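Peer 1: Sequences listed follow chains A and B, in order. The first sequence lines up with residues 0 to 168 when you count with numbering that gives the first Met the number 0. The second sequence lines up with residues 0 to 168 when you count with numbering that gives the first Met the number 0. Just so it is clear, CB atoms sit at the ideal spot from N, CA and C, and this is done for glycine as well. Remember, it's a predicted structure, so these values are computed and weren't measured experimentally. Here you go, one structure.
Protein chains: 2
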Amino acid sequence: MTPAADTMVERPIGPAAVDAEGSGLSFDLNCFLPYLLNRAGSRLASIFSDELRRFGLTLPKWRVMAVLWHKGEQRIIDLVEETSIEQSTLSRLLVAMDGQGLVSRTRNRLDGRAVVVTLSTAGRALTDQLIPLALRDERAAQAGLTAEEIRLLHSMLRRIYRNAAGPER
Amino acid sequence: MTPAADTMVERPIGPAAVDAEGSGLSFDLNCFLPYLLNRAGSRLASIFSDELRRFGLTLPKWRVMAVLWHKGEQRIIDLVEETSIEQSTLSRLLVAMDGQGLVSRTRNRLDGRAVVVTLSTAGRALTDQLIPLALRDERAAQAGLTAEEIRLLHSMLRRIYRNAAGPER
DNA sequence: CAAAAATAAATGCATTTGCATGTTATGCAT
DNA sequence: ATGCATAACATGCAAATGCATTTATTTTTG
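Structure follows, in structure tokens:
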């Protein structure tokens, strides 16, 4: 329908676009929380991911290590919850990490179904090395924010996480 | 004023874990911005992803559509920036979306290297349908936050995005 | 203007991912 | 106990992803 300008550069045209059909639909990505959230998260992830590469690690592996470092040995299903990594993906990731000597997997005595994942000594040592780098990147990302703002930010992110129901849906 | 706190953040909450090996390393995931950011982002993504499935869409496809809806036709390289999707992945994703009739790809007249991606009429109509759902989920996620807090949150997320340098590094 | 450097996409290929399903081990009700 | 529903993982397999490289097209240089 749009006359000329097929692949032309309609640049200046207004943002906060309004639907042509007359529904008056308004949608500004720059004010859309999921967008802002993922954009910021992706960048942070990308940066640290680059640093991890020379340690023979990937972001998912680091996430697993960080959780185990912080919370101690966990069942795979718990790690799924903590890391947001899909179960089958995590299952195989852990086999690889076990092969790398980063973690060990043992069948739970009390519940024969569960596998308990533990950070190995080497894994812990490596995590000890990585944490300072992670914290440095975090500080860089937070530059310009006051301690009070950062606290509020954390609080809001936790709140959003809770609002987005976990189990059901 | 700051007590002997190296990389500490001293949240009111929990006594951030302390390494047993005596390194004194402290690291609390629950106060680690990248973790909180990705955790919240993953959940929101997961929720909307489920809704998208019955439209034959995926999250990456929705992101492309949302950007095109909001900013108009874009080159692939620009979409890489806007969506945080890797270039080769995006290249192939767009072929698929073209096949679905969601977008059209045309060689740029002014620069023979670039491909200009445009949201098709059908793609726009579908996006019009999706936007209300996306906004509904966003509102649900923000429940309990004041308008002022949300504004600050957006501002901080944009700041973090900028702090995490884009191209160089 | 020719050659070199840089851009924008597309492609090859190995790896990772995710959904559906299979396997084994518990929990529960009868 | 026995049988059935569930829970925790593992696996098969197709699709998605990412890195390195290639191809085509500007831009920049000498």
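Which residues in the same chain have their Cβ closer than 7 Å to the Cβ of ALA133/B, if we skip the five residues on either side of it in sequence?
Peer 2: As a first step, residue 133/B is located in the second sequence; it is residue number 134 there, counting from the start. Only PHE47 meet the Cβ criterion.
Peer 1: Suppose you measure from the CA of ALA39/B to the CA of ALA163/A; what does that come to, to the nearest Å?
Peer 2: In the second sequence, the residue the question calls residue 39/B occupies position 40. In the first sequence, the residue the question calls residue 163/A occupies position 164. The alpha-carbon atoms of ALA39/B and ALA163/A are separated by roughly 8 Å.
Peer 1: Rounded to the nearest angstrom, what separates TRP61/A and ASP136/B at their Cα positions?
Peer 2: Along the first sequence, read from residue 1 onward, the residue named residue 61/A stands at position 62. Along the second sequence, read from residue 1 onward, the residue named residue 136/B stands at position 137. Distance between the alpha carbons of TRP61/A and ASP136/B: 30 Å.
Peer 1: Decide if LEU109/B is buried, meaning its Cβ has at least 16 other Cβ atoms within 10 Å, or exposed.
Peer 2: Here residue 109/B is taken as the residue at index 110 of the second sequence, counted from 1. Answer is exposed; the Cβ neighbour count stays below 16.
Peer 1: Name the residues in the segment 38-50 of chain A whose C-beta lies less than 9 Å from a C-beta of chain B; which are they?
Peer 2: ARG38, ALA39, GLY40, SER41, ARG42, LEU43, ALA44, SER45, ILE46, PHE47, ASP49
Peer 1: With three or more beta-carbon pairs closer than 8 Å as the criterion, would you say the segment 109-121 of chain A touches the segment 97-113 of chain B?
Peer 2: Contact fails between the segment 109-121 of chain A and the segment 97-113 of chain B, because fewer than three Cβ pairs, one in each stretch, are under 8 Å apart.
Peer 1: Of the choices SER25/A, THR88/A, ARG161/A, LEU43/A, whose alpha-carbon is the least far from that of LEU156/B?
Peer 2: Within the second sequence, the letter at position 157 stands for residue 156/B. When only C-alpha atoms are compared, the closest one is LEU43/A.
Peer 1: Within the continuous alpha helix (DSSP H) that includes ARG38/B, where are the two ends?
Peer 2: By one-based count along the second sequence, residue 38/B stands at place 39. It spans 32-52 - the alpha helix (DSSP H) in which ARG38/B sits, taken as one unbroken run.
Peer 1: Identify the continuous alpha helix (DSSP H) that holds THR145/A and give its terminal residues.
Peer 2: By 1-based counting over the first sequence, the position of residue 145/A is 146. Per DSSP, THR145/A belongs to no alpha helix (DSSP H) and is neither H nor E.
Peer 1: CA-CA distance, LEU58/A and ILE84/A?
Peer 2: Walking along the first sequence from the start, residue 58/A turns up at place 59. Walking along the first sequence from the start, residue 84/A turns up at place 85. Cα-Cα distance, rounded: 11 Å.
Peer 1: List in chain order: all unbroken alpha helix (DSSP H) runs of 4+ residues lying wholly within the segment 60-121 of chain A.
Peer 2: Taking 4 residues as the shortest admissible run, the segment 60-121 of chain A contains the following complete alpha helix (DSSP H) segments, listed from N- to C-terminal end: 75-82, 86-98.
Peer 1: Does the distance from the CB of VAL63/A to the CB of THR88/A come in under 8 Å?
Peer 2: Stepping through the first sequence from its first residue, residue 63/A is reached at position 64. Stepping through the first sequence from its first residue, residue 88/A is reached at position 89. Taking 8 Å as the Cβ cut-off, VAL63/A and THR88/A do not qualify as a contacting pair.
Peer 1: What does ARG157/B reach in chain A if we use C-beta pairs closer than 9 Å?
Peer 2: The residue you call residue 157/B lines up with position 158 of the second sequence. Result: ASN29, LEU35, ARG38, ALA39.
Peer 1: Could you name the residues of the segment 126-149 of chain A whose beta carbon sits closer than 9 Å to any beta carbon of chain B, in the order they occur along the chain?
Peer 2: For the segment 126-149 of chain A, residues whose beta-carbon sits nearer than 9 Å to a beta-carbon of chain B comprise THR126, ASP127, ILE130, PRO131, ALA133, LEU134, ARG135, ASP136, GLU137, ARG138, ALA139, ALA140, GLN141, ALA142, GLY143, LEU144, ALA146, GLU148, ILE149.
Peer 1: If the criterion is Cβ atoms closer than 8 Å, does the pair ALA65/B and LEU32/A meet it?
Peer 2: In the second sequence, the residue the question calls residue 65/B occupies position 66. In the first sequence, the residue the question calls residue 32/A occupies position 33. For ALA65/B and LEU32/A, no; Cβs fall outside 8 Å.
Peer 1: Throw me the rounded Cβ distance for the GLN86/A and VAL94/A pair, which I believe falls under 8 Å.
Peer 2: One-based indexing of the first sequence puts residue 86/A at position 87. One-based indexing of the first sequence puts residue 94/A at position 95. Rounded, the Cβ-Cβ distance is 13 Å, inconsistent with contact.
Peer 1: Taking Cβ to Cβ, would you say LEU36/B is nearer than 8 Å to LEU51/A?
Peer 2: As a working note, residue 36/B is residue 37 in the second sequence. As a working note, residue 51/A is residue 52 in the first sequence. No, they are not a contact pair.
Peer 1: Determine whether the Cβ of LEU32/B lies closer than 8 Å to any Cβ atom of chain A.
Peer 2: On the second sequence, residue 32/B is found 33 positions in, with the first residue counted as 1. Yes - at least one Cβ of chain A is within 8 Å of the one on LEU32/B.
Peer 1: Expressed to the nearest angstrom, what Euclidean distance is found between the alpha-carbon atoms of HIS153/A and ARG112/B?
Peer 2: Along the first sequence, one-based indexing puts residue 153/A at 154. Along the second sequence, one-based indexing puts residue 112/B at 113. Approximately 43 Å between the Cα atoms of the pair.
Peer 1: Which term fits ALA140/A, buried or exposed, when burial requires 16 or more other beta carbons within 10 angstroms of its beta carbon?
Peer 2: On the first sequence, position 141 is the one that residue 140/A refers to. So ALA140/A ends up on the buried side.
Peer 1: Please classify THR126/B as buried or exposed, where buried requires at least 16 neighbouring CB atoms within 10 angstroms.
Peer 2: As a position in the second sequence, residue 126/B is number 127, starting the count at 1. Buried, because 16 or more other Cβ atoms sit within 10 Å of the Cβ of THR126/B.
Peer 1: Quick check on ILE76/A: buried or exposed, where buried means 16 or more other Cβ atoms within 10 Å of its Cβ?
Peer 2: Residue 76/A sits at position 77 when you count from the first residue of the first sequence. Burial call: exposed.
Peer 1: Which one of ARG150/B, CYS30/B, GLN128/B has the shortest CA to CA distance from SER25/A?
Peer 2: As a position in the first sequence, residue 25/A is number 26, starting the count at 1. Selected option, being the one with the closest Cα: GLN128/B.
Peer 1: So which residues of chain A does ALA65/B contact, with C-beta pairs closer than 9 Å?
Peer 2: Walking along the second sequence from the start, residue 65/B turns up at place 66. Chain A residues near ALA65/B: PHE26, LEU28, PHE31, TYR34.
Peer 1: Using only the alpha-carbon positions, how far apart do ALA142/A and PRO131/A sit?
Peer 2: Start at 1 with the first residue of the first sequence, and residue 142/A comes out as number 143. Start at 1 with the first residue of the first sequence, and residue 131/A comes out as number 132. PRO131/A has its alpha-carbon roughly 17 Å from the corresponding atom of ALA142/A.
Peer 1: Verify the CB distance criterion: does LEU118/A have a CB-CB separation below 8 Å to chain B?
Peer 2: Along the first sequence, read from residue 1 onward, the residue named residue 118/A stands at position 119. Chain B contact via Cβ: absent.
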